[in-house]
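What follows is one structure encoded as C-alpha cells, with my remarks underneath.
Number of protein chains: 2
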Amino acid sequence: MPNQGLSVNLATVRQQWNLGEAVAACARHGIRAVDPWRDQVAGYGLADSAKVIRDHGMTVTGYCRGGMFPSADRDGRLAAIDDNRRALDEAATLGAQCLVLVVGGLPPGSRDLAGAREMVAEGMAAVLPHARAVGVPLAIEPLHPMYAGDRACVNTLGQALDLCDRLGPDVGVAIDAYHVWWDPDLAAQIARAGRDKRILAYHICDWLVPTRDLLLDRGMMGDGVIDLPAIGQMIENAGYAGFHEVEIFSAENWWKRPGDEVLATCLERFATVC
Amino acid sequence: MPNQGLSVNLATVRQQWNLGEAVAACARHGIRAVDPWRDQVAGYGLADSAKVIRDHGMTVTGYCRGGMFPSADRDGRLAAIDDNRRALDEAATLGAQCLVLVVGGLPPGSRDLAGAREMVAEGMAAVLPHARAVGVPLAIEPLHPMYAGDRACVNTLGQALDLCDRLGPDVGVAIDAYHVWWDPDLAAQIARAGRDKRILAYHICDWLVPTRDLLLDRGMMGDGVIDLPAIGQMIENAGYAGFHEVEIFSAENWWKRPGDEVLATCLERFATVC
Numbered sequence: 001m002p003n004q005g006l007s008v009n010l011a012t013v014r015q016q017w018n019l020g021e022a023v024a025a026c027a028r029h030g031i032r033a034v035d036p037w038r039d040q041v042a043g044y045g046l047a048d049s050a051k052v053i054r055d056h057g058m059t060v061t062g063y064c065r066g067g068m069f070p071s072a073d074r075d076g077r078l079a080a081i082d083d084n085r086r087a088l089d090e091a092a093t094l095g096a097q098c099l100v101l102v103v104g105g106l107p108p109g110s111r112d113l114a115g116a117r118e119m120v121a122e123g124m125a126a127v128l129p130h131a132r133a134v135g136v137p138l139a140i141e142p143l144h145p146m147y148a149g150d151r152a153c154v155n156t157l158g159q160a161l162d163l164c165d166r167l168g169p170d171v172g173v174a175i176d177a178y179h180v181w182w183d184p185d186l187a188a189q190i191a192r193a194g195r196d197k198r199i200l201a202y203h204i205c206d207w208l209v210p211t212r213d214l215l216l217d218r219g220m221m222g223d224g225v226i227d228l229p230a231i232g233q234m235i236e237n238a239g240y241a242g243f244h245e246v247e248i249f250s251a252e253n254w255w256k257r258p259g260d261e262v263l264a265t266c267l268e269r270f271a272t273v274c
Numbered sequence: 001m002p003n004q005g006l007s008v009n010l011a012t013v014r015q016q017w018n019l020g021e022a023v024a025a026c027a028r029h030g031i032r033a034v035d036p037w038r039d040q041v042a043g044y045g046l047a048d049s050a051k052v053i054r055d056h057g058m059t060v061t062g063y064c065r066g067g068m069f070p071s072a073d074r075d076g077r078l079a080a081i082d083d084n085r086r087a088l089d090e091a092a093t094l095g096a097q098c099l100v101l102v103v104g105g106l107p108p109g110s111r112d113l114a115g116a117r118e119m120v121a122e123g124m125a126a127v128l129p130h131a132r133a134v135g136v137p138l139a140i141e142p143l144h145p146m147y148a149g150d151r152a153c154v155n156t157l158g159q160a161l162d163l164c165d166r167l168g169p170d171v172g173v174a175i176d177a178y179h180v181w182w183d184p185d186l187a188a189q190i191a192r193a194g195r196d197k198r199i200l201a202y203h204i205c206d207w208l209v210p211t212r213d214l215l216l217d218r219g220m221m222g223d224g225v226i227d228l229p230a231i232g233q234m235i236e237n238a239g240y241a242g243f244h245e246v247e248i249f250s251a252e253n254w255w256k257r258p259g260d261e262v263l264a265t266c267l268e269r270f271a272t273v274c
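Taken in sequence, the protein lines are chains A and B.
For the first sequence, position 59 (counting from the first letter as 1) is numbered 59 according to UniProt numbering, and the numbering increases by one without interruption.
For the second sequence, position 41 (counting from the first letter as 1) is numbered 41 according to UniProt numbering, and the numbering increases by one without interruption.
Set out below in C-alpha cells:
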C-alpha cells in the first residue's frame, strides 16, 4: 500500500510562521497533514490551534513532544510525568495520532545511562494509563546516539522496541530516518516493528556530509547520504501506510529561506527522492 | 589484573610537538606507551620515529591508522589495500601492537551503506595475509554512528565483532569509550569481545555536553558524561590487561594548551577519574 503523502512537522518552518500561518501555508501547497510542537501550540493557543487544523482538514500525524523523563530527583520525575499527561491532553484536543516522545538523556551531573533508561521506562509506565484514557498512543522516537547525553537515552530502534515489549499496548515508535539510518540492524528491526504493529510515525530528512552542528544542521531529502528510498521501502514492507513526515532543523539554511520555498522543496524532493 | 597504565595517542598533542618531541615529553612524564599517527611518523621519518620510540623504551599500543577501504571504483579499492599494506609495514617497523583501522564511510556520491560495509570486509580480507606475514594484527575501531557517512561504516562493537568472526584470527577491535559509550548492548559485546580474545586496544577520552564539533571537540576524562570507571571495569572483566590509551581531538581547548599541561592532566585524570 502506498503512503498517504507528505506530512510537515511544523518545526521545519518554525522560524518563518506561527502555527496558524504554517497550517494555512501547508494547505495552500496541498499538504494534508502536519505535526505541531508544543511551543508552537502554546504560542498560538490550544483552542485556536485545534480550530485552524480542523478548519483546514489536516491530519495530525503526531504531537511533538513528550518525554524528558529522567531527573536528578523524585520531584523532577513526578513533574515530568505530570507534564506528559498535559501533553497527552493537548494531543487529544488536537486529534494527534500519537504523542512523540524524546525520552530524555542523563540528568545533570549523572553518568548513569542505565539508570536514566530505567527512569524512562518507569516514567512511560506512569503516563501510559492516561495515554490510554485519552486515546493517544505513546511513540518512542529513538534518537541518534549523539544525543544520548542530553536528549534521549533510547538510541536504537531495537532498544525502543524492547521498551515497547515491556510496556505493552498503546506504545509504539516514531522512526526517523535521520536517527536510525546508520544502524546495521535497521532492516531487521523495522521488520520487527511492523510485525509487532508498533510503527506510529515515519520521519524523513537527510544527513549532510559534513554535518556542522549536532542539532540544527539537518538536510533536505536528497542533499545528504541517507538512502531514503531503501528505508521507505522497508517501512512500507513492514505494513506502515501512513504519512511520511518531513522534519528539518536547519538554522543556517532552510530556516532562513521563505517558508513557501521550503514547503515547495519538501514536496518536490518527496516526489523525486524518497 | 590491573591495566598497565596510560598510553598516549599522539594525536592528543599533535599541535604542540613533532613525534620526537612528543615521545620525549611522554617519557619525561613517566608515560611508557604511545600510539603515533602515520602523518606524524611521515613528518619525523619512519626510521627516526622507530629509533626515538625504542630509545625511550616505549610500548607502541597501536598505529593510527589503516582502513578507508570503500571507494567508488576498483582502482580506488586496490590503492587502499596497497596503502594498508604499507601501513602494516610501518607498524611492524615501529613495533606496534596493532594497526588501528578507521574503516571508511560511504564513497563519494554513494548512499549504499551495506555496499560500503561489504567493501570493508573485502578490503580487510585482502590485507589480512600481509598483517599475518608482518605479525601486526588488524584492530577494527567501531566509530560513533555520527561518522557513518564519512569516516567509518562500522558503528557498533557488535558489528565489528561480527566482522572479526567472518575474517578469523589476527583481527580484533580497538574499543574507544567515546565511540561506544551510548550502546545499550555495550556490556554484552565487551564480554563477547573478551571471550573471543578480540580486544587489542582500549581508548579513552570523554563526551562533552554540549559537543560543539562532530570531530574535534572531545573531552578530557572527567569533563564529560561517560562512565569511564564502569566501562574500564567491563574491559578488565573481559580479560584485557593492556594500556588505556588516551586520545583527544580538541581544536579549541587541549590542542591550544601547553603539551606538558595536557600530559599532566591526562595522568591526573587517569588516576582519579578512570
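For each residue, glycine too, the CB sits at the ideal point set by N, CA and C.
A quick note: this is a predicted structure, and the numbers were derived from the prediction, not measured.
At least 7 Å separates the beta-carbon of B/GLY104 from that of B/GLY45. The beta carbon of B/ALA50 lies closer than 6 Å to those of THR93, LEU94 in the same chain, with the five residues before and after it left out. Per DSSP, the beta-bridge partners of B/ILE199 are B/VAL173.
Residue-level contact check: B/GLY43 does not touch chain A, since none of the beta carbons of chain A fall below 7 Å from its beta carbon. For A/GLU122, the uninterrupted alpha helix (DSSP H) segment begins and ends at 113 to 134.
Here B/ALA72 has PRO107, PRO108, GLY109, SER110 as same chain residues with Cβ atoms under 8 Å from its own Cβ, once five neighbours each way along the sequence are excluded. Under the three-state reduction of DSSP, B/ASN84 is assigned to helix. Between B/ALA177 and B/ILE140, the CB-CB gap reaches or exceeds 7 Å. With a contact defined as Cβ atoms closer than 8 Å, A/GLY62 and A/GLU245 qualify at about 7 Å. Every unbroken stretch of the beta strand (DSSP E) spanning 3 or more residues and falling wholly within the segment 188 to 255 of chain A is given here in chain order: 199 to 204, 244 to 246. Secondary structure of B/ASP185 (DSSP, three-state): coil. In the same chain as B/ALA80, and ignoring 5 residues on each side of it, the C-beta atoms closer than 7 Å to its own belong to MET68, PHE69, SER71, GLY123, in chain order. Bridge partners of B/GLY104 according to DSSP: B/ALA152.
In the three-state reduction of the DSSP assignment, A/ARG257 falls in the coil class, being assigned neither a helical nor a strand state. Here B/ALA114 is exposed, its C-beta having fewer than 16 other C-beta atoms within 10 Å.
Contact between A/LEU167 and A/ALA193 is ruled out by a C-beta separation of about 14 Å, above the 8 Å threshold.
A distance below 7 Å separates the beta carbons of A/TRP207 and A/GLY224. Residues LEU19, ALA22, VAL34, ASP35, PRO36, TRP37, GLN40 of the same chain have their beta carbon placed closer than 7 Å to that of B/LEU10, with the five preceding and five following residues left out of the count.
In the three-state reduction of the DSSP assignment, B/ILE140 falls in the strand class. Contact of B/THR272 with chain A is not assigned, every C-beta pair being separated by 7 Å or more. Around the Cβ of A/PRO142, a 10 Å sphere holds 16 or more other Cβ atoms; the residue is buried. Taking CB atoms only, B/VAL23 has no neighbour in chain A less than 7 Å away.
Among the residues facing chain B, A/ASN155 is included, as its CB has a counterpart in that chain under 7 Å away. B/ALA131 places its beta carbon less than 7 Å from that of B/LEU88. B/ALA264 sits exposed, since fewer than 16 C-beta atoms from the chains shown fall within 10 Å of its C-beta.
Taking C-beta separations shorter than 8 Å and ignoring five residues to either side along the sequence, the partners of A/ALA121 in its chain run LEU163, ARG166, LEU167, following chain order. Exclusion of the five residues before and after A/HIS144 leaves HIS179 as the residues of its chain whose Cβ lies within less than 6 Å of its Cβ. With contacts defined as CB atoms closer than 7 Å, B/CYS153 and B/ALA116 qualify as a contacting pair. Relative to B/PRO258, the option among B/GLN4, B/VAL13, B/PRO137, B/ASN3 whose CA is nearest is B/VAL13. For B/GLY239, no chain A residue has a Cβ inside 7 Å of its Cβ, as the nearest lies near 22 Å away.
In the DSSP assignment, no residue is bridged to B/CYS274.
Rounded to the nearest angstrom, the gap between the Cα atoms of A/TRP181 and B/ASP48 is 44 Å. Look at A/SER110 here: in three-state DSSP terms it is coil, with no helix or strand label. Counting the other CB atoms within 10 Å of its CB gives A/ARG198 a total of 16 or more, which places it among the buried residues. Counting along the chain, A/VAL23 sits inside the alpha helix (DSSP H) bounded by residues 19 to 28.
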